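Chemist:
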Amino acid sequence: MGLIYKEMELRGPKGGRRFKALMDTGASESFIRATEARLIARPFKMAEPITLELGKGKIKADRIIFANVQLDGYRLHWTFIVISGLSEEVIVGADFFQRWKIKLDPETEKVIIDPKALRIKLTKNKVS
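Our numbering numbers the first residue of the sequence shown as -10 and each following residue consecutively.
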């Protein structure tokens, strides 16, 4: 068992890019490195900054982006907290997995998306 990385496309108002994302059920939120965020969107300022505890210790964040997430043929949407100097391009956290009912299999290191679970949340969002 190791870390689970997944290639995914994030799309924002400036266009889309493919990123290598760490799928991290231990992270309560989802994050994107500031340099990558600016490639696809103009980060929005949050009403108030928040303090987060990451591997490097506590940091403050005050920006977010909204993006479409293309993952295994499905187009989902999500909010990512923008972090300068983040160790990974993108970290997808438990908030995303819970919302979209996505599971990770640590044995096979695969992402499991149940189309039936998405059916009630999405209509016609399967990417061809």
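No residue lacks a Cβ here, since even glycine has one placed at the ideal position from N, Cα and C. All of these numbers come straight from a predicted model, not from anything done at the bench.
What residue range is occupied by the uninterrupted alpha helix (DSSP H) comprising residue 84?
Modeler: Segment 83 to 89, the alpha helix (DSSP H) holding residue 84.
Chemist: Starting from the N-terminal side, write out each stretch of the alpha helix (DSSP H) that is 4 residues or longer and does not extend beyond the stretch -10 to 30.
Modeler: The qualifying runs are 23 to 29.
Chemist: Comparing alpha-carbon positions, which option in 91, 26, 22 lies nearest residue 73?
Modeler: Looking at the Cα atoms, 22 is the closest of the given residues.
Chemist: Thinking residue 54 and residue 26 are a contact (beta carbons under 8 Å), I'd like their distance in whole angstroms, please.
Modeler: Indeed, because the Cβ distance is near 5 Å, the residues count as touching under 8 Å.
Chemist: Under a Cβ-count criterion, where at least 16 other Cβ atoms within 10 Å of its own Cβ denotes burial, should residue 1 be classed as buried or exposed?
Modeler: Classification of residue 1: buried, given that the 10 Å Cβ count is 16 or more.
Chemist: Put residue 113 into one of helix, strand or coil per three-state DSSP.
Modeler: Reliability of the predicted coordinates at residue 113 is poor, the pLDDT of 47 falling under 50, and no value is obtained from them.
Chemist: Within the same chain, show all residues whose beta-carbon is closer than 6 Å to that of residue -2, passing over the 5 residues directly before and after it, in chain order.
Modeler: Same-chain partners within the cutoff: 5, 7, 59.
Chemist: Distance, Cα to Cα, residue 96 vs residue -7?
Modeler: Spanning the two alpha carbons is a distance of roughly 10 Å.
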